[in-house]
Amino acid sequence: MKWLAGLIILVFIFIIAASADFFFGRYFHRIKSRRSSYPVRNGRIQLITSGPDLFSNYFDDLYKAKKNIHVLFYIVKNDRFSNLFFDILIEQARNGIAVRLLLDWFGSRMVSKKLIKKARSSGVEVEFCHRPRFPFTFFALQQRNHRKVTIIDGKIGYVGGFNVGKEYIDLDPVLSPWRDYHLRIEGEGIADLQKEFLFDWEKATGRSHLKDISLFPTLEKGPMLYRFFPTQGVDAEEQILELINQADQSIFIGTPYFIPPDKLVSGLEQAIHRGVAVTILVPNKSDHPLVKEASFHYLHRILAAGGAVFEYEAGFFHAKVILIDGKICDIGTANFDYRSFKLNYEINCFIYDQDFIKEAERTVQEDISKSSRTSIAKLNNPAITTRLKKWTGMMLKHFL
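With my numbering, letter number 227 in the sequence shown gets 228, and the count goes up by one each step, no holes.
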């Protein structure tokens, strides 16, 4: 039995060491993190919710690039569709376009070294961000660059929930069709998006291009008002709580993972108590272990307070969207969970244009029509496996 006692001691020491690493790593990250604040801009925004539609537009814009292409994705897979994505970047680099591709080290870990070597030899600058580092290695392993951003010629931007892989174009037999919200953006705000990419690029590579004026062309104004809100696992919770607190009619939240910090759940409960209609839309299917069961505790609180919860049934729902009173629409890369609020690098777009918001509301209603309304009784599944997953998910909520 000595070996068992020794094992228990080792596990205990590991938990203490990892907890201390995570606590102090996040503490120093909060102190050192860069806060960006951008003003409201004028431009044009197109909402795209289908993977095939998105990548048809996206690849067309990549082919039309004249000077430079800057791309940041959390996930690029190792499949035929991902190879096609690389082929386009390689072709454009060979045509003389300056191509920079930044990938999250963990999320894109499956991309083949052979493909990366081919891209680099063709002129594509391929780099990885958020590699493990010392000190605070455990914290670093948990932090991701979850942004999905593209800037073409400094004039066209893309941001939203889609990554690159076969599931995102409805070729995964389990998760298809994949439902997500992505934005194609033009106008003044593209300069802000460019800056955020270049900040991430410099942090990952040590090479700065922020003073390269050729990357910041003159941009035309458009009829829509919007602004970008980038975060680094700091300040996002406060910003969303401010939106919740200012609501006086309705709040809609669409997210694949509803595991929010307690402060936000309490804010939603208070909103319901003051007469605000709160609606949550989550997927019925799950693409990660435990995340569905981990959400039950928080969804139960929303239902108990008088809110409505729907589960999307027509595929996998991966969109990140918040609508407040028909006045503000928030779409971007951040999920409504601990990881996005407390750890990840994210970027969202707050949109104030009434025509766009009406379109977003119609899209949301379409998604709700393909969903089933859930209840407290349904969440209180007595199955031992469900209860065990729920308990485990709650214990690991910071890392799911």
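We treat Cβ as the ideally placed atom computed from N, Cα and C, and that holds for glycine.
Reduced DSSP category for residue 124 - H, G, I as helix; E, B as strand; rest coil: coil
Backbone secondary structure at residue 256 - three-state DSSP: Coil, per DSSP.
Local Cβ density within 10 Å of residue 144, reported as buried at 16 or more and exposed below that: It counts as buried.
Whole-angstrom distance between residue 76 and residue 191, CA atom to CA atom: 22 Å
Proximity below 9 Å, CB of residue 43 to CB of residue 188: yes
Local conformation of residue 25 per DSSP, three classes: helix
Expected contact under 8 Å - CB spacing of residue 100 and residue 125 to nearest Å: 5 Å
Residue 182 vs residue 56 beta-carbon contact at 9 Å: Going by C-beta atoms, residue 182 is not nearer than 9 Å to residue 56.
Per-residue DSSP class, three states only, for residue 113: Coil at residue 113, not helix or strand.
Residue environment, residue 8, which counts as buried when at least 16 other CB atoms sit within 10 Å: exposed
CB contact flag (residue 229, residue 203, <9 Å): Judged by beta-carbon spacing, residue 203 lies beyond the 9 Å limit of residue 229, meaning their Cβ atoms are not closer than that value.
Pair within 9 Å by beta-carbon distance, residue 68 and residue 154: yes
Limits of the beta strand (DSSP E) - the one that residue 51 falls within: 42-51
Same chain, Cβ closer than 7 Å to residue 403, five either side skipped, listed in chain order: Outside the modelled stretch of the chain, which goes from 2 to 401, sits residue 403, for which no answer is possible.
C-alpha distance - residue 32 paired with residue 256, whole-angstrom precision: 29 Å
Cβ pair residue 237, residue 335 closer than 9 Å: yes
Residue nearest to residue 379 in terms of C-alpha spacing, selected from 89, 297, 275, 314: Minimum Cα distance to residue 379 is reached at 297.
Where the beta strand (DSSP E) containing residue 151 begins and where it ends: 150-153
One or two residues paired with residue 333 in a DSSP bridge: 349
Continuous alpha helix (DSSP H) assignments of at least 4 residues falling wholly in the stretch 69-108: 81-95
Through-space distance from residue 324 to residue 258, alpha-carbon basis: 17 Å
Residues that DSSP places opposite residue 161 in a beta bridge: Bridge partners of residue 161: 183.
Assigned secondary structure, residue 269 (DSSP; H/G/I helix, E/B strand, else coil): helix
Start-to-end residues for the beta strand (DSSP E) that takes in residue 323: 322-325
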